[in-house]
Amino acid sequence: MNSFFSALLSAEVRYHDLPGERAPIVFIHGLGCASSYEYPRVAAQPELRDHRIILVDLPGSGFSDKPTSFSYSTSDQARVIVELLNHLALPPFTLYGHSMGGSIANEVAAQQPVNLTTLLVSEPNWHAGGGEFSSQIAAQDEVEFIAYGQQLLIEEDSSPWAGSMQMTLPQAAWRGATSLVNGTTPSWWALFCALPLQKGVIVGEHSLPDQDYDALKAQGIYTAVVPHAGHSMSWENPPGLAAAIAAGCQQ
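Encoded structure:
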């Protein structure tokens with residue numbers, strides 16, 4: 040595992056850099072997740088295994104450092120990712136983000152990192168208000184969530200998400216969720232629609248129908264549906280997600 044010292048974070052960001060001869064793909068995970076935990080099976084699929092794959096654990100998650108003083112807003116997470124991308128000095132690459140990671144990826148792309156050619160997002164937060172878990176987390180007081188709220192979520196969840204959530208700093212989960220509820224100006228939707236680069240959106244079959252997905256498809260933007268999967272498509276159908284990402288890179 041590689042490590043990068045972020046000046047903004049004043050701590051280390053850790054990531055896997057898996058070798059490959061084809062163009063790099065950088066992965067950003069969602070709330071309570073970790074790319075090192077979530078995406079190895081996706082990266083190992085035949086459609087992606089020849090790509091250079093970079094699996095980033097966001098600050099506060101996975102193997103990255105977890106300072107309690109950091110804001111963990113989507114905007115500050117995006118600034119850290121831009122720092123990392125500048126450090127890596129990648130050749131032309133694709134950026135992929137899921138859920139909260141998709142919102143962060145939109146903000147990263149808006150900062151126009153060098154050599155970013157394609158942005159792919161899967162079921163990101165497009166608008167303020169949060170999703171199922173983020174709104175549930177943000178509705179709690181931060182002190183209460185740190186004391187017992189996160190542990191209750193873990194105990195009540197039977198999916199792989201519970202495993203990665205155990206490795207997430209409670210402050211990071213609460214502040215990230217609150218940031219999703221508060222939204223940004225301009226919105227993540229507006230940022231995505233305005234980006235002058237190749238882009239696409241991926242959804243799980245069980246998440247349809249979805250008005251935002253339909254609106255983007257009507258604009259002629261690349262869209263893909265991962266069969267036999269919902270929001271947690273990386274666990275529910277890794278081959279299907281890998282195929283959707285690979286097709287998005289080649290559009």
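Residue numbers (my numbering): 40 to 290.
Even for Gly, the Cβ is constructed at its ideal location relative to N, Cα and C.
This one's a predicted model, so the numbers in the text were calculated from it and none came from an experiment.
Using CA atoms only, rank isn't needed, just tell me which of L129, P58 and T207 is closest to R91. As a working mapping, residue 91 is identified with position 52 in the sequence shown. For R91, the nearest C-alpha among the options comes from P58.
Quick one: grab the DSSP three-state call for Q237. Here residue 237 is taken as the residue at index 198 of the sequence shown, counted from 1. DSSP places Q237 in strand when its eight states are reduced to three.
Where V121 falls: helix, strand or coil (DSSP): One-based indexing of the sequence shown puts residue 121 at position 82. Helix.
Using beta-carbon positions only, say whether G140 and G69 come within less than 7 Å of one another. Within the sequence shown, numbered from 1, the residue matching residue 140 stands at position 101. Within the sequence shown, numbered from 1, the residue matching residue 69 stands at position 30. In this structure, G69 lies closer than 7 Å to G140 by Cβ.
Residue range of the beta strand (DSSP E) that includes A26: An answer regarding residue 26 cannot be provided, because it is not within the stretch 40 to 290 covered by the chain.
What does a CB cutoff of less than 6 Å around V81 pick up in its chain, not counting 5 residues either side in sequence? Walking along the sequence shown from the start, residue 81 turns up at place 42. For V81, where only same-chain residues beyond five positions count, the Cβ hits under 6 Å are S273, P277, L280 and A281.
Are A216 and I185 touching if we call contact CB-CB under 7 Å? Your numbering for residue 216 matches position 177 in the sequence shown. Your numbering for residue 185 matches position 146 in the sequence shown. No, Cβ-Cβ distance for A216 and I185 is not below 7 Å.
Using C-beta distances below 8 Å, list every residue in its chain close to I8, excluding the 5 sequence neighbours before and after it, in chain order. Only positions 40 to 290 of the chain appear in this structure, which leaves residue 8 out of reach.
Specify the secondary structure class of V220 as computed by DSSP and reduced to three states. For this step, residue 220 is matched to residue 181 along the sequence shown. Note: V220 maps to helix in three-state DSSP.
Mapping the DSSP letters down to three states, classify L47 as helix, strand or coil. Within the sequence shown, residue 47 is the residue found at index 8, counting from 1. Three-state result, L47: coil.
Applying the criterion that 16 or more other CB atoms from any shown protein chain within 10 Å of the CB defines a buried residue, is S75 buried or exposed? To locate residue 75, count along the sequence shown from 1; it is residue 36. S75 comes out buried.
Name the DSSP beta bridge partners of Y135, please? Counting from 1 along the sequence shown, the entry for residue 135 is found at position 96. Paired residues: F66 and L159.
Relative to the C-alpha of A283, which residue among L87, A62 and V147 is closest? As a first step, residue 283 must be located in the sequence shown, where it is residue number 244. The shortest Cα separation from A283 among L87, A62 and V147 belongs to L87.
For L48 and Q237, what's the separation of their Cα atoms in angstroms? Position 9 of the sequence shown, counting from 1, holds the residue named residue 48. Position 198 of the sequence shown, counting from 1, holds the residue named residue 237. C-alpha separation (whole angstroms): 30 Å.
Considering R80, what are the terminal residues of the alpha helix (DSSP H) in which it resides? The count along the sequence shown starts at 1 and reaches residue 80 at position 41. First-last of the alpha helix (DSSP H) with R80: P79 to A82.
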